[in-house]
Amino acid sequence: MADLLDTSRSSCRLLVTGGAGFIGSNFVHYWCDRYPDDRVVVLDALTYAGNRRNLEDLEGQDNFRFVQGDICDRSLIDQLLREENINTIAHFAAESHVDRSILGPAAFVQTNVVGTFTLLEAFRQHWEATGRLDSYCFLHVSTDEVYGSLGLTDPAFTETTPYAPNSPYSASKAGSDHLVRAYYHTYGLPTILTNCSNNYGPYQFPEKLIPLMCINSLIGKQLPVYGDGQNIRDWLYVGDHCSALDVVIHHAKPGETYNVGGNNEVNNIDLVNMLCQLMDELASDLPVHPCHQLITFVKDRPGHDRRYAINATKIKTQLGWMPKVTVKEGLRQTVEWYLTHRDWWEPLLSKEYQAYYRQVYVS
Ligand code: NAD
Ligand code: DAU
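Residue numbering for the sequence shown follows the working numbering, starting at 38 and increasing by one per position.
Written out as structure tokens, the structure is:
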């Protein structure tokens, strides 16, 4: 491994956008446990995907502050950067679900493109006003979906794979990635970009594959598998993702890009069968047992990417990071979490969620 760069980012005053969402809230917990002396300010609009309960155990702690607000609100961002003397932004806030981007792309362009632009521009002016210090950092958390779709035998995505986004979601993330890159090249703003694969773990909203399958098994609803179920994803346990972002924030050079993957490629139908076996083993009162009987093949997602796979050699060789959690271990931990947190997910099956569900799965 190459010597780690000392970026002098030893003490962070962090603004975490989207910190009440799935990955953001796992990251905030990770950071507050590991770096209790750092200041952590969460900015989150609390859309349907944001949940203040995800952070309730941190409320009232001296080094933690929650602010409800929109990343497109320039004056709010200017105020927060100034009054909290922020030197690091970890930018998670986004519209994140592909199916919703097909139903309504406008919010994706607004938050993912305009919101990222607004943050970059505010952070640039803040950084310039405070002397263009090297210790500043804008971490943009992005996705492997910007690279498009792979065939079965294609080599995995590297950091130099050309962008070829296929959904409104991935196109909006690609747009934001290009802005981040441009701010480094044009203004020298110390940005870092990460593109990671499918995360899973605690606090993931029920619309995503793994929590949807866990929750539908528990309430005896069909387990909808799109198309032929042969689409492949690489599964990254959210705790591993957080540790990757930790090394990146502390040691990556400005302007760098890293792919982050779980080294766990699985096709959807195998993954759903693994989940069903875990549910049968761990849940005591399933309405339908064995729960694979609930598996239903449904119409495919329009433009459904066939395969994603990550080559994470760069982050391993340059920064010494590798994922630790296998999909077998991570799925067990995740199923156990959903089984013991019914009070967390039950309120999320709201009228809005049911309306969304009918649009995707029934119409
Ligand atoms: P999520 O949908 O669970 O959370 C998004 C959060 O952003 C929510 O708390 C929401 O309230 C907030 N938000 C949305 N619009 C906002 C706005 N305009 N202003 C302020 N806050 C706003 O998403 P996630 O799965 O945690 O993903 C986090 C980031 O990681 C996203 O940028 C996503 O593109 C990226 N990513 C996710 C995955 C994955 O598998 N989940 C994989 C790769 C990359
Ligand atoms: O690859 C990273 C991306 O992973 C992130 O950028 C996105 O924010 C995140 O949502 C995720 O996107 P996917 O579209 O891959 O995740 P999703 O959980 O929606 O679907 C995973 C796979 O499962 C995909 O092939 C579609 C399929 N699927 C999904 C759902 C919700 C089903 O077969 N049935 C379902 O009900």
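Every residue, glycine too, gets a C-beta built ideally from N, C-alpha and C.
Given the structure is predicted, the values throughout are model-derived calculations rather than measurements.
Let me confirm a value: residue i is counted as buried when at least 16 other C-beta atoms fall within 10 Å, else exposed. Which label applies?
{"i": "Leu207", "result": "Residue 207 is actually Ser in this sequence, not Leu. It counts as buried."}
{"i": "Lys361", "result": "exposed"}
{"i": "Gly188", "result": "exposed"}
{"i": "Ser138", "result": "buried"}
{"i": "Asn236", "result": "buried"}
{"i": "Pro248", "result": "buried"}
{"i": "Ile126", "result": "buried"}
{"i": "Leu312", "result": "buried"}
{"i": "Arg169", "result": "exposed"}
{"i": "His134", "result": "buried"}
{"i": "Asn122", "result": "exposed"}
{"i": "Phe59", "result": "buried"}
{"i": "Gly56", "result": "buried"}
{"i": "Thr148", "result": "buried"}
Identify, in the order they occur along the chain, each residue of the same chain with its Cβ nearer than 6 Å to the Cβ of residue i, setting aside the five sequence neighbours on each side.
{"i": "Val217", "result": "His177, Thr228 and Leu230"}
{"i": "Lys353", "result": "Met359"}
{"i": "Ala82", "result": "Asp107"}
{"i": "Met316", "result": "Ser254 and Cys328"}
{"i": "Arg344", "result": "Leu187 and Ile269"}
How about residue i and residue j: are their beta carbons less than 8 Å apart?
{"i": "Val146", "j": "Ser209", "result": "yes"}
{"i": "Val77", "j": "Val53", "result": "yes"}
{"i": "Asp136", "j": "Arg395", "result": "no"}
{"i": "Trp164", "j": "Leu80", "result": "no"}
{"i": "Gln241", "j": "Leu331", "result": "no"}
{"i": "Gly257", "j": "Pro324", "result": "yes"}
{"i": "Leu386", "j": "Ala320", "result": "no"}
{"i": "Asp70", "j": "Asn100", "result": "no"}
{"i": "Gly238", "j": "Gly367", "result": "yes"}
Quick one: what's got a C-beta closer than 8 Å to residue i's C-beta in the same chain, skipping five residues either side?
{"i": "Cys233", "result": "Val178, Ser179, Thr180, Asp181, Leu273, His278, Ala281, Asn296, Val297, Gly298 and Ile347"}
{"i": "Arg111", "result": "Thr155, Glu158 and Ala159"}
{"i": "Thr363", "result": "Asn301"}
With distance defined between alpha-carbon atoms, name the residue in the options nearest to residue i.
{"i": "Thr197", "options": "Thr294, His128 and Lys245", "result": "Thr294"}
{"i": "Glu383", "options": "Ile108, Gln330, Ile252 and His128", "result": "Ile252"}
{"i": "Ile286", "options": "Gln267, Lys351, Leu356 and Arg119", "result": "Leu356"}
{"i": "Val18", "options": "His128, Asn305, Ile108 and Leu118", "result": "The first residue shown for the chain is 38 and the last is 400, placing residue 18 beyond what the model contains."}
{"i": "Asn63", "options": "Ser321, Leu95 and His288", "result": "Leu95"}
{"i": "Thr153", "options": "Ser186, Gly212 and Gly141", "result": "Gly212"}
{"i": "His222", "options": "Ala166, Pro291 and Val284", "result": "Pro291"}
Under 7 Å Cβ to Cβ from residue i, same chain only, skipping five residues before and after it: list those, please.
{"i": "Asp351", "result": "One point to set straight first is that residue 351 is Lys, not Asp, in the sequence displayed. Closer than 7 Å at the Cβ level, and outside the excluded window around Lys351, lie Glu196, Tyr295 and Asn296."}
{"i": "Tyr224", "result": "Arg161"}
{"i": "Tyr85", "result": "Glu389"}
Looking at the C-beta of residue i, does it have a partner C-beta in chain B at a distance below 8 Å?
{"i": "Asp317", "result": "Note that chain B does not occur in the displayed structure, where there is just one protein chain."}
Chain-ordered residues, beta carbon under 6 Å from a heavy atom of ligand 2: Ser133, His134, Val135, Thr180, Asp181, Glu182, Ser234, Asn235, Lys245, Leu246, Leu249, Pro261, Val262, Tyr263, Asn268, Arg270, Asn305, Arg338 and Tyr345
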